[in-house]
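A quick write-up on the structure given underneath.
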Amino acid sequence: MHSPFSSSTSALNLPPHEAGAICDRVSAAVRAEAYGDTVERLARDVEAIIARQGSMQEEDLLTLGWSKPALVETLPDALDLVRARASRSLS
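When we follow the working numbering, the leftmost residue of the sequence shown carries the number 34, and every step to the right adds one.
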């Protein structure tokens with residue numbers, strides 16, 4: 034089997050601008066995946082709190098270790114995810 038690393042188009046032989054563009058795309062993909070994982074964890078925490086208490090306050094999430102900056106960044110997307118799951122389960 035031919036190794037992709039033995040050809041002349043190896044990442045080591047790429048012009049700097051192409052290598053930089055590849056690194057940027059990989060970094061963006063890693064950040065997007067990490068953000069998605071964070072939103073998923075937060076959505077599950079929200080669902081657990083609501084299932085246990087019937088409602089949720091920001092303080093409930095803070096006691097679970099979420100920081101205010103993390104909540105500001107991810108809570109809108111997490112709540113959208115919770116709503117989407119709830120509407121699917123009602124359908």
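Where a beta carbon is used, it is the ideal one built from N, C-alpha and C, also for glycine.
field: Expected contact under 8 Å - CB spacing of VAL79 and ALA111 to nearest Å
entry: Approximately 6 Å separates the beta-carbon atoms of VAL79 and ALA111; this is inside 8 Å, confirming the contact.
message: Are the CB atoms of LEU104 and GLU91 within a distance shorter than 8 Å?
response: yes
message: Do VAL72 and THR96 have their beta-carbon atoms positioned less than 8 Å apart in this structure?
response: no
- prompt: Where does PRO48 fall in DSSP's three states?
  reply: coil
query: What are the boundary residues of the alpha helix (DSSP H) that SER88 is part of?
result: Segment: none, SER88 is in no alpha helix (DSSP H) and carries neither H nor E.
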